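Asks:
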Amino acid sequence: MLITSVDDFTLIDDNTPHKIYAQFDDLREICPVAHTSENGGFWLLTRYEDVKRAASDTNTFISSVKAVIPSDPRGIRRPPLNTDPPAHTPYRTALDRTLKPARLKRLASILEQHAEREFDALLYTSLDSSDHLGHVPGTSNIDISAQFGASFAAWVEVSWLNLEDETAPVLASTAAKWVNAWRRQDLSETSKQSGRLYELARDLLADRKAAPQDPELDPASSLLREVGPDGQPLDDELLVGALRQSLVVGMVAPPILLGDICAHLSNDRALQSRLRADPSLIPAAVEEFVRLYVPYRGFCRTPTHAVDLHGRTIPAGQPITMTYAAANRDPEVFEDPNSFILNRENINSHLGFGKGRHRCAGMPLARM
7 MLITSVDDFT LIDDNTPHKI YAQFDDLREI CPVAHTSENG GFWLLTRYED VKRAASDTNT
67 FISSVKAVIP SDPRGIRRPP LNTDPPAHTP YRTALDRTLK PARLKRLASI LEQHAEREFD
127 ALLYTSLDSS DHLGHVPGTS NIDISAQFGA SFAAWVEVSW LNLEDETAPV LASTAAKWVN
187 AWRRQDLSET SKQSGRLYEL ARDLLADRKA APQDPELDPA SSLLREVGPD GQPLDDELLV
247 GALRQSLVVG MVAPPILLGD ICAHLSNDRA LQSRLRADPS LIPAAVEEFV RLYVPYRGFC
307 RTPTHAVDLH GRTIPAGQPI TMTYAAANRD PEVFEDPNSF ILNRENINSH LGFGKGRHRC
367 AGMPLARM
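Below you can see the structure in the form of structure tokens.
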């Protein structure tokens, strides 16, 4: 691989996982601080310690300039993802308040019922369309990621945000259309679907302003309780942005990870049998699945000053991608990193939920 100060790599035009990870392996070994001119130009970190440092040091590596690459084609910034302390703090405090153990305990049985109902509906639909020998035609196969993953994730959002039940299918459909448009960088369609998500967020905020709920149990009411660094109530449009951000992030990762888990288990029958026989192993398995198949390849930060790393200088103001998918497979940290190993001694070190102040707010809910 040619190392230059202009372009060290071109992102492979292939979504085959092992090819993507192979490129990360090459960069980690040969060029751990790499640059590309694609997507406006950015730097890529692939080593665990470098990614961890960038994610943890929010004074040097800020989120308010750009949080993802490619970024929203409309250039919109929403809290808390696209903010830095102290502006970031009240939004994060409000969301964390609604994800304490007591709240999660209340949600557990509700979400279990939603999961069973949504999965049974897909299973019975598939069985009803099977032939008399029990063979399921190709058109009736279940897509565990796009169907169950999306629908269940919508019910998780509806339950956490205390939305009306009829919102769940609308949210599932709209979020999927938004994600696909964003991936294509289709400005018109992204704006159209984002507008629908904003409508949900605005309606939710208006309802809670008229009839507040317990801030310990309701994210919108919790956000309304907070004040900014200036001691003033948070701006309504920023509150709407925070709720809209909450709607989206909870809809993107779960379908991806659920699909990865099921694909892995379908190929590893021994592990599948072991988890069925001893469900107490599932939490540990989930952590290893998150490490191995982190649903977000990475997030972006922008250095406030020039950063010297591995003999290279990243100028201030140039975006850096913290590649969690590469860091979680760094052989210097995780032995046999491309293999599933139940109960890894250092599994709690994985960066599947991020690190630092921008660690995934929904982490406790996602784990549950």
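Counting from 1, position 173 in the sequence shown corresponds to residue 179 in the numbering used here; the numbering is continuous, with no gaps.
Just so you know, even glycine gets a beta-carbon here, dropped at the ideal spot from N, CA and C.
Bear in mind the structure is a predicted one, so any value in this text is a computation, not a measurement.
1) Among Trp-49, His-356, Trp-161 and Glu-44, which residue has its Cα nearest to the Cα of Leu-371?
2) Could you give the distance in angstroms between the alpha-carbon of Pro-92 and the alpha-carbon of Pro-235?
3) Output needed for Ala-181: all residues of its chain with C-beta closer than 6 Å, excluding positions within five of it in sequence on either side, in chain order.
4) So, is Ala-217 buried or exposed, given that buried needs 16 or more other C-beta atoms within 10 angstroms?
5) Which runs of the beta strand (DSSP E) spanning at least 3 residues fall entirely within the region 246-310, listed in chain order?
6) Can Ala-331 and Gly-304 be called in contact, C-beta distance under 8 Å?
7) DSSP beta-bridge partners for Val-233?
8) Which two residues bound the contiguous alpha helix (DSSP H) that contains Leu-211?
9) What first and last residue would you give for the beta strand (DSSP E) that runs through Phe-48?
10) Kindly identify the DSSP beta-bridge partner or partners of Pro-314.
11) Per DSSP, what kind of secondary structure is Met-328 in: helix, strand or coil?
12) Quick one: give me the first and last residue of the alpha helix (DSSP H) that Thr-173 is part of.
13) If you follow the beta strand (DSSP E) that Val-39 is part of, which residue opens it and which one closes it?
14) Where are the alpha helix (DSSP H) runs, 4 residues long or more, that stay fully inside the region 92-121, in chain order?
15) Do Ser-165 and Leu-117 have their beta-carbon atoms positioned less than 8 Å apart in this structure?
16) What span of residues does the alpha helix (DSSP H) with Pro-23 cover, start to end?
17) By Cβ distance, which residues of its chain are closer than 6 Å to Pro-86, with the 5 residues on each side in sequence left out?
18) Confirm, please, whether the CB-CB distance from Val-246 to Leu-240 is below 8 Å.
19) In whole angstroms, give me the CA-to-CA distance for Ala-248 and Ala-276.
20) So, Pro-225 versus Thr-104, is the Cβ gap smaller than 8 Å?
21) Need the endpoints of the alpha helix (DSSP H) that Ser-157 sits in, please.
22) Would you report the Cα separation of Gln-191 and Thr-131, rounded to the nearest angstrom?
23) How big is the Cα-Cα spacing for Arg-365 and Asn-352?
24) If I follow the unbroken alpha helix (DSSP H) through Glu-55, where does it start and stop?
25) Would you tell me roughly how many angstroms separate the C-alpha atoms of Arg-318 and Val-39, rounded to the nearest one?
26) Looking only at its chain, what residues have a beta carbon closer than 7 Å to the beta carbon of Met-369, apart from the 5 residues adjacent to it on each side?
27) Measuring only the C-alpha atoms, how far is Leu-244 from Tyr-302?
28) Thinking C-beta only, is Tyr-27 closer than 8 Å to Glu-338?
29) Only counting the same chain, and skipping five residues up and downstream in sequence, which positions put a Cβ closer than 6 Å to that of Arg-208?
30) Go ahead and label Pro-237 buried or exposed: buried means 16 or more other beta carbons lie within 10 angstroms of its beta carbon, across all protein chains shown.
Replies: According to the data block:
1) With distances taken between Cα atoms, Leu-371 lies closest to Trp-161.
2) The C-alpha of Pro-235 is placed about 6 Å away from the C-alpha of Pro-92.
3) Same-chain partners within the cutoff: Met-257.
4) Within a 10 Å sphere around the beta-carbon of Ala-217 sit fewer than 16 other beta-carbons, which makes this residue exposed.
5) If only uninterrupted beta strand (DSSP E) runs of at least 3 residues are considered, those enclosed by the region 246-310 are 305-309.
6) With contacts defined as CB atoms closer than 8 Å, Ala-331 and Gly-304 qualify as a contacting pair.
7) Among the bridge pairs identified by DSSP, Val-233 is matched with Pro-239.
8) It spans 193-216 - the alpha helix (DSSP H) in which Leu-211 sits, taken as one unbroken run.
9) From DSSP, the beta strand (DSSP E) with Phe-48 extends over 48-51.
10) It is Asp, not Pro, that sits at residue 314 in the sequence shown. The partner list for Asp-314 (beta bridge, DSSP) reads Thr-319.
11) DSSP places Met-328 in strand when its eight states are reduced to three.
12) In the DSSP assignment, Thr-173 falls within the alpha helix (DSSP H) that extends over 173-190.
13) Segment 39-42, the beta strand (DSSP E) holding Val-39.
14) Taking 4 residues as the minimum length, the alpha helix (DSSP H) runs contained wholly in the region 92-121 are 95-103, in order along the chain.
15) Taking 8 Å as the Cβ cut-off, Leu-117 and Ser-165 qualify as a contacting pair.
16) Here the alpha helix (DSSP H) through Pro-23 covers 23-36.
17) Excluding residues within five positions, the ones whose Cβ falls inside 6 Å are His-94, Tyr-97 and Arg-98.
18) Not in contact: Leu-240 and Val-246 (Cβ atoms no closer than 8 Å).
19) In this structure, the CA atom of Ala-248 is about 43 Å from the CA atom of Ala-276.
20) For Pro-225 and Thr-104, yes; Cβs fall inside 8 Å.
21) 156-167 is the extent of the alpha helix (DSSP H) around Ser-157.
22) Going by C-alpha positions, Gln-191 is about 34 Å away from Thr-131.
23) When the Cα atoms are used, Arg-365 and Asn-352 turn out to be separated by approximately 18 Å.
24) 54-62 is the extent of the alpha helix (DSSP H) around Glu-55.
25) If I take the Cα positions, the gap works out to 7 Å.
26) So the list reads Phe-359, once near-sequence residues are dropped.
27) Going by the C-alpha atoms only, they are around 24 Å apart.
28) No, they are not a contact pair.
29) Answer for Arg-208: Val-246, listed in chain order.
30) Position check: residue 237 holds Gly in this sequence, whereas Pro was assumed. Under this definition Gly-237 is an exposed residue.
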